[in-house]
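All letters in the sequence shown, in the order written, are residues 153 to 486 by my numbering. Backbone N, C-alpha and C fix where the C-beta goes; we use that ideal spot for every residue, glycine too. Please read all numbers here as calculations on a predicted model, not as lab measurements.
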Amino acid sequence: MKNQPVLTIAIPIYNGERTIKNMLDILMPQCNEKIEVLVSDNCSTDSTPNIIKEYQNKWGNISYWCNETNLKTDRNCIKCLQKAKGKYTWLMSDDDIIMENAVDKILKFIENGDDMGLIYVTTRDFRNKYIDSESCQKHEPEAMNDICTKDKKLFMKYAGYYWGFLASFICNTDNFKKIENPEQYADTYWLQSYIHALCAKGEDTKLGIVKGPCVGAGIYVNTPNFDSALINGVYYKKMIDFMINEIGFDKKQLNQMYKNRTCHLFIHDILKEKASGIHKMNYKTMYLCTRKYVKAWVMVYPCMFVPSFICSKLMKKYRKRLRIKDDIRINRPE
Numbered sequence: 153m154k155n156q157p158v159l160t161i162a163i164p165i166y167n168g169e170r171t172i173k174n175m176l177d178i179l180m181p182q183c184n185e186k187i188e189v190l191v192s193d194n195c196s197t198d199s200t201p202n203i204i205k206e207y208q209n210k211w212g213n214i215s216y217w218c219n220e221t222n223l224k225t226d227r228n229c230i231k232c233l234q235k236a237k238g239k240y241t242w243l244m245s246d247d248d249i250i251m252e253n254a255v256d257k258i259l260k261f262i263e264n265g266d267d268m269g270l271i272y273v274t275t276r277d278f279r280n281k282y283i284d285s286e287s288c289q290k291h292e293p294e295a296m297n298d299i300c301t302k303d304k305k306l307f308m309k310y311a312g313y314y315w316g317f318l319a320s321f322i323c324n325t326d327n328f329k330k331i332e333n334p335e336q337y338a339d340t341y342w343l344q345s346y347i348h349a350l351c352a353k354g355e356d357t358k359l360g361i362v363k364g365p366c367v368g369a370g371i372y373v374n375t376p377n378f379d380s381a382l383i384n385g386v387y388y389k390k391m392i393d394f395m396i397n398e399i400g401f402d403k404k405q406l407n408q409m410y411k412n413r414t415c416h417l418f419i420h421d422i423l424k425e426k427a428s429g430i431h432k433m434n435y436k437t438m439y440l441c442t443r444k445y446v447k448a449w450v451m452v453y454p455c456m457f458v459p460s461f462i463c464s465k466l467m468k469k470y471r472k473r474l475r476i477k478d479d480i481r482i483n484r485p486e
């Protein structure tokens, strides 16, 4: 395609007035004619439309639309991917950050390399407010060099911690458009991961890793508005099994990743729910997902018996240490 953008950065958004400015302030100065920026508004009821218009007036290279009805998050992501014109498409949350100089780094990696089905861009966590890349928490291992490989196990060695995180992966747009009926993966809370896995399908499909840091993942003290045992336990395991059985990812590696992830999340979610008084997690489902793990018996299940007032005190100390002033919020609206 003549004058095709190299990279589409697509932002599905709903009521993002609290975070989108910080994200765009860092992103937009990095963009040039090789970048397409799309914003798909899922019927926001706050000042998001006005904020986006301000940035359109300032930068001019943002395409914005507001859906006629709320499509919910998954279908809004699909719409972004369907409208993308770039060779690669990067779905980006409004509350995460594309770090300084990351766009140029990614463009060079894409333009100087082979065609890839999926790219992992090295990600780090920030809490409360993004300051700079050095203030973010990193998770080992981090790639020391850019990598292009057909080895899915090597790819997941670096990408596994953030598997499921929307902003950490860039997919080949043509590979996405070859997926039959992507809507079948909607409403599982892991649509993006099914799409990313399908873009990586094939023994000869090349996978990329861009050394970082590139993305700041916003970690907020939120209480889920869903049953974490169902979403992070049952649905996530179903997606992991799909990757193993249908795409060819390593079984042992992914099952280990699932164990570590579920135990870590369930500890935090149990304590946060007790502190907030908002209970969504089905403990029976949580138990069925984790009962074969020693780590769950030692670290997860005891959390169910911690008194709520102690959880509240622990959360207050945690928030004070991180200098978090906002109230605990429900995560996340559609």
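> Whose C-beta lies closer than 8 Å to the C-beta of N297 among residues of the same chain, with five residues either side of it excluded?
Replying inline: Within the sequence shown, residue 297 is the residue found at index 145, counting from 1. These residues qualify, in order along the chain: K363.
> From E335 to Y346, what distance separates their C-alpha atoms?
Replying inline: For the purposes of this step, residue 335 is taken as the residue at position 183 of the sequence shown. For the purposes of this step, residue 346 is taken as the residue at position 194 of the sequence shown. A direct Cα-to-Cα measurement between E335 and Y346 gives close to 11 Å.
>> Extract the residue ranges of the alpha helix (DSSP H) inside the region 282 to 347, only unbroken runs of 4 or more that lie entirely within it.
In response: Complete alpha helix (DSSP H) runs here, min 4: 304 to 311, 325 to 329.
>> I want to know whether the region 392 to 407 touches the region 277 to 289 - three or more CB-CB distances under 8 Å.
In response: Contact between the region 392 to 407 and the region 277 to 289 is absent, because fewer than three Cβ pairs lie under 8 Å.
>> Quick check on Y166: buried or exposed, where buried means 16 or more other Cβ atoms within 10 Å of its Cβ?
In response: If you number the sequence shown from 1, residue 166 lands on position 14. The residue in question, Y166, is buried, as its Cβ has 16 or more Cβ neighbours within 10 Å.
>> Among the candidates T160, D193, P157, whose CA atom is the shortest distance from the CA of E169?
In response: Start at 1 with the first residue of the sequence shown, and residue 169 comes out as number 17. Closest option to E169, Cα to Cα, is D193.
> To which residues of the same chain is Y445 closer than 7 Å at the C-beta, ignoring the five residues directly before and after it?
Replying inline: Taking the sequence shown and counting its residues from 1, one reaches residue 445 at position 293. The residues are K411, C415.
> Can you list, in chain order, the residues of its chain whose CB lies under 8 Å from that of D339, leaving out five sequence neighbours each side?
Replying inline: As a working mapping, residue 339 is identified with position 187 in the sequence shown. Taken in chain order, the residues that qualify are K224, D226.
>> What residue range does the beta strand (DSSP E) around T274 cover?
In response: As a position in the sequence shown, residue 274 is number 122, starting the count at 1. Looking at the DSSP string, the run of the beta strand (DSSP E) that includes T274 is 270 to 279.
> From I271 to Y337, what distance separates their C-alpha atoms?
Replying inline: In the sequence shown, counting from the first residue as 1, residue 271 sits at position 119. In the sequence shown, counting from the first residue as 1, residue 337 sits at position 185. Whole-angstrom Cα-Cα distance: 21 Å.
> So, using beta-carbon positions, are L233 and A162 closer together than 9 Å?
Replying inline: For the purposes of this step, residue 233 is taken as the residue at position 81 of the sequence shown. For the purposes of this step, residue 162 is taken as the residue at position 10 of the sequence shown. Contact flag set, yes.
>> Tell me the residue span of the beta strand (DSSP E) that contains E188.
In response: Along the sequence shown, one-based indexing puts residue 188 at 36. Run containing E188: 187 to 193, per the beta strand (DSSP E) assignment.
>> Could you tell me the alpha carbon to alpha carbon distance between I383 and N377, rounded to whole angstroms?
In response: As a working mapping, residue 383 is identified with position 231 in the sequence shown. As a working mapping, residue 377 is identified with position 225 in the sequence shown. When rounded, the distance between both Cα atoms is 11 Å.
> When burial is assigned at 16 or more other CB atoms within 10 Å of the CB, is I482 buried or exposed?
Replying inline: Position 330 of the sequence shown holds residue 482. Its pLDDT being 41, under 50, I482 is placed unreliably by the model, and nothing is read from it.
> Which residues does DSSP pair with I493 in a beta bridge?
Replying inline: This structure does not reach residue 493, given that the chain is present from 153 up to 486, and the question cannot be answered.
>> Here's the rule: buried if 16 or more other CB atoms are within 10 angstroms of the residue's CB, otherwise exposed. What is P164?
In response: Numbered from 1 along the sequence shown, position 12 holds the residue referred to as residue 164. It is buried - the Cβ of P164 has at least 16 other Cβ atoms within 10 Å.
> Do M175 and M244 have their C-beta atoms closer together than 9 Å?
Replying inline: Your numbering for residue 175 matches position 23 in the sequence shown. Your numbering for residue 244 matches position 92 in the sequence shown. By the CB criterion at 9 Å, M175 and M244 fall inside the cutoff.
> CA-CA distance, E486 and L159?
Replying inline: Translated into the one-based positions of the sequence shown, residue 486 becomes position 334. Translated into the one-based positions of the sequence shown, residue 159 becomes position 7. Its pLDDT being 46, under 50, E486 is placed unreliably by the model, and the measurement read from it follows with that caveat. Distance between the alpha carbons of E486 and L159: 26 Å.
>> Looking at T274: is its Cβ nearer than 9 Å to the Cβ of P365?
In response: The residue given as residue 274 occupies position 122 in the sequence shown. The residue given as residue 365 occupies position 213 in the sequence shown. Their beta carbons are under 9 Å apart, which means T274 touches P365 by this criterion.
>> If you reduce the DSSP assignment to three classes, tell me which class V362 lands in.
In response: Along the sequence shown, one-based indexing puts residue 362 at 210. Note: V362 maps to strand in three-state DSSP.
>> Judging by CA-CA distance, which residue of P293, S320, I396 is the nearest neighbour of K304?
In response: Start at 1 with the first residue of the sequence shown, and residue 304 comes out as number 152. Considering only alpha carbons, the answer is I396.
> Quick one: is I172 buried, meaning 16 or more other Cβ sit within 10 Å of its Cβ, or exposed?
Replying inline: Indexing the sequence shown from 1 puts residue 172 at position 20. When all chains shown are included, I172 counts as buried.
> Along the chain, where does the beta strand (DSSP E) that runs through L159 open and close?
Replying inline: In the sequence shown, the residue the question calls residue 159 occupies position 7. L159 -> beta strand (DSSP E) spans 159 to 165.
>> So, under 8 Å CB-CB, V255 and Q208 are touching, yes? Tell me the CB distance rounded to an integer number of Å.
In response: Here residue 255 refers to the residue found at position 103 when the sequence shown is read from its first residue. Here residue 208 refers to the residue found at position 56 when the sequence shown is read from its first residue. With 8 Å as the limit, V255 and Q208 do not qualify as a contact, their Cβ atoms being about 19 Å apart.
>> Taking only three categories from DSSP, how would you classify Y240?
In response: In the sequence shown, counting from the first residue as 1, residue 240 sits at position 88. Of the three classes helix, strand and coil, the one that applies to Y240 here is strand, per DSSP.
> Between which two residues does the beta strand (DSSP E) harbouring W449 extend?
Replying inline: Numbered from 1 along the sequence shown, position 297 holds the residue referred to as residue 449. Premise fails: W449 is in no beta strand (DSSP E) and is neither H nor E.
> Roughly how many whole angstroms lie between the Cα atoms of K468 and D177?
Replying inline: Position 316 of the sequence shown holds residue 468. Position 25 of the sequence shown holds residue 177. Those two C-alpha atoms are separated by around 31 Å.
> In its own chain, which residues sit with a C-beta less than 8 Å from the C-beta of E252, not counting the 5 before and 5 after it?
Replying inline: Along the sequence shown, one-based indexing puts residue 252 at 100. Around E252: I178, Q182, D284, S285.
> Can you give the Cα-Cα distance for R484 and G400, rounded to whole angstroms?
Replying inline: Taking the sequence shown and counting its residues from 1, one reaches residue 484 at position 332. Taking the sequence shown and counting its residues from 1, one reaches residue 400 at position 248. Any reading at R484 needs caution, since the residue's pLDDT is 45, under 50, leaving its predicted position unreliable; the model's value is listed next. Computed Cα separation, rounded: 32 Å.
> What's the gap between the Cα of C218 and the Cα of C195?
Replying inline: Position 66 of the sequence shown, counted from the start, is the residue given in the question as residue 218. Position 43 of the sequence shown, counted from the start, is the residue given in the question as residue 195. About 6 Å.
> What are the complete alpha helix (DSSP H) segments, minimum 4 residues, inside the region 375 to 430?
Replying inline: 388 to 394, 403 to 428
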